[in-house]
Amino acid sequence: MPCRTLAILLIAALALTACGSKKPQLYPNTKLQSVGQQQAQADIDECSQLAERYAGKESEAGDTAKRTAVGAGVGAAGGAAGGAIFGSPGRGAAAGAAAGAVGGLFSGMFDRGPDPVYRNYVDRCLREKGYEPMGWK
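Residue numbers (mature numbering (1 follows the signal peptide of the UniProt record, and there is no 0)): -20 to -1, 1 to 117.
1) Are residue 121 and Met114 touching if we call contact CB-CB under 8 Å?
2) Using 10 angstroms around the beta-carbon of Ile24, count the other beta-carbons present and answer buried if the total reaches 16, otherwise exposed.
3) Considering only their Cβ atoms, is the gap separating Pro94 from Lys2 smaller than 8 Å?
4) Alpha carbon to alpha carbon, what distance is there between Asn9 and Thr(-4)?
5) Per the DSSP calculation, Leu6 is bridged to which residue(s)?
6) When burial is assigned at 16 or more other CB atoms within 10 Å of the CB, is Gly67 buried or exposed?
7) Rounded to a whole number of angstroms, what is the C-alpha to C-alpha distance between Glu32 and Arg104?
8) If we ignore side chains and look at the alpha-carbon of each, how far apart do Ala78 and Glu112 end up?
9) In terms of residues, what are the limits of the alpha helix (DSSP H) holding Pro94?
10) Is Lys117 buried or exposed, if buried means 16 or more other CB atoms sit within 10 Å of its CB?
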């Protein structure tokens, strides 16, 4: 696969990952039923903003990009070593970097979601408002 095609695929996958951030899912208790989805979403947004301010939030896209870069570096090193044994360290490094980048990308795409401290802050904020967070998806 040419490098240009691989780069385009990686960028597209990163963009899709950035759009797919997880959000809290609320149990339909009396609070949610009395205020409705629109107010509940406003409360989720408010709690999320507070969490970003006080607990911080590493973006999922940024984390995925880091994993991709680390995977590429590790793959390149392993590929160069393997390639040196078989007589082509340059090709081995290139193949290893591509494989490592794809591995890092996919590990970031299928990650567990937001930072645990950020998530706990949002969940607590929502509980204090009377909601019952069930999980994130």
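Positions of the beta carbon are idealized from the N, C-alpha and C atoms, including for glycine.
Just so you know, these numbers come straight off a predicted model, no measurement behind them.
This is what the structure holds:
1) Because the chain is modelled from -20 through 117, residue 121 falls outside the range shown and cannot be assessed.
2) Residue mapping note: residue 24 aligns to position 44 of the sequence shown, counting from 1. With 16 or more Cβ atoms within 10 Å of its Cβ, Ile24 is classed as buried.
3) The residue given as residue 2 occupies position 22 in the sequence shown. The residue given as residue 94 occupies position 114 in the sequence shown. Yes. Within cutoff.
4) The residue given as residue -4 occupies position 17 in the sequence shown. The residue given as residue 9 occupies position 29 in the sequence shown. Because the pLDDT of Thr(-4) is 49, which lies under 50, any placement of that residue in the model is unreliable, and the question is left without a value.
5) Taking the first residue of the sequence shown as position 1, residue 6 is located at position 26. In DSSP, Leu6 forms a bridge with Pro113.
6) The sequence position of residue 67 within the sequence shown is 87, counting from 1. Exposed: under 16 other Cβ atoms inside 10 Å.
7) In the sequence shown, counting from the first residue as 1, residue 32 sits at position 52. In the sequence shown, counting from the first residue as 1, residue 104 sits at position 124. Spanning the two alpha carbons is a distance of roughly 14 Å.
8) Within the sequence shown, residue 78 is the residue found at index 98, counting from 1. Within the sequence shown, residue 112 is the residue found at index 132, counting from 1. The alpha-carbon atoms of Ala78 and Glu112 are separated by roughly 43 Å.
9) Translated into the one-based positions of the sequence shown, residue 94 becomes position 114. From DSSP, Pro94 is part of no alpha helix (DSSP H); its letter is neither H nor E.
10) Taking the sequence shown and counting its residues from 1, one reaches residue 117 at position 137. So Lys117 counts as exposed.
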